[in-house]
Amino acid sequence: QVQLVESGGGLVQAGGSLRLSCAASGRLFNIVDVGWYRQAPGKQREWVALINRDDKPTVLDSVKDRFIMSRDGAKNTVYLEMNSVKVEDTAIYYCYAREVTTQINTYWGQGTQVTVSS
Numbered sequence: 498q499v500q501l502v503e504s505g506g507g508l509v510q511a512g513g514s515l516r517l518s519c520a521a522s523g524r525l526f527n528i529v530d531v532g533w534y535r536q537a538p539g540k541q542r543e544w545v546a547l548i549n550r551d552d553k554p555t556v557l558d559s560v561k562d563r564f565i566m567s568r569d570g571a572k573n574t575v576y577l578e579m580n581s582v583k584v585e586d587t588a589i590y591y592c593y594a595r596e597v598t599t600q601i602n603t604y605w606g607q608g609t610q611v612t613v614s615s
């Protein structure tokens with residue numbers, strides 16, 4: 498089992514910055530990547546970014562000039578730095594971790610609300 502705890506969400510003005518954190522614990526050996534999805538009101542969940550075990554980040558094209566994905570291996574924590582935020586970034590952001598053994602398991606955090614005001 499893997500446990501994920503997100504933090505860092507909140508209210509921010511358009512143009513500002515926010516950093517989300519996701520701390521992982523438990524059985525991490527077989528985790529291949531950790532990342533973020535978001536879900537805006539009335540919309541489907543959307544993948545945003547991930548970082549793999551080689552510390553290679555991948556970010557959604559539409560936000561890659563504003564969002565930075567990183568990892569602190571010593572703390573088993575990943576970060577999503579959100580810069581120049583826009584009202585349309587308002588969503589619940591969910592951290593996930595993908596485990597590959599003889600099967601693929603995906604673990605989810607509880608979500609953290611990000612609200613961008615105009």
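If you want my numbering, it's the position in the sequence shown, counting the first as 1, plus 497. Using N, Cα and C, we set each Cβ at its ideal position, and we do this for glycine too.
- When secondary structure is reduced to three states using DSSP, Ser559 falls in the helix class.
- The three-state secondary structure of Val499, taken from DSSP, is strand.
- Only residues of its own chain outside the window of five on either side were considered, and among them Cys519, Cys592, Gly606 and Thr609 have a CB closer than 6 Å to the CB of Glu503, listed in chain order.
- Assignment of beta-bridge partners to Gly506 by DSSP yields no partner.
- Inside the region 581 to 613, DSSP marks whole beta strand (DSSP E) runs of 3 or more residues at positions 588 to 597 and 601 to 605, from first to last along the chain.
- Between the region 507 to 514 and the region 575 to 590, the count of C-beta pairs closer than 8 Å reaches three or more; the two stretches touch.
- Take Asp552, set aside five residues on each side of it, and the residues of its chain with a beta-carbon closer than 7 Å to its own are Arg568, in chain order.
- For Gln541, there is no enclosing beta strand (DSSP E), as DSSP marks it with neither H nor E.
- Within the same chain, Val613 come within 6 Å of Asp586 by CB-CB distance, once the 5 residues on both sides are set aside.
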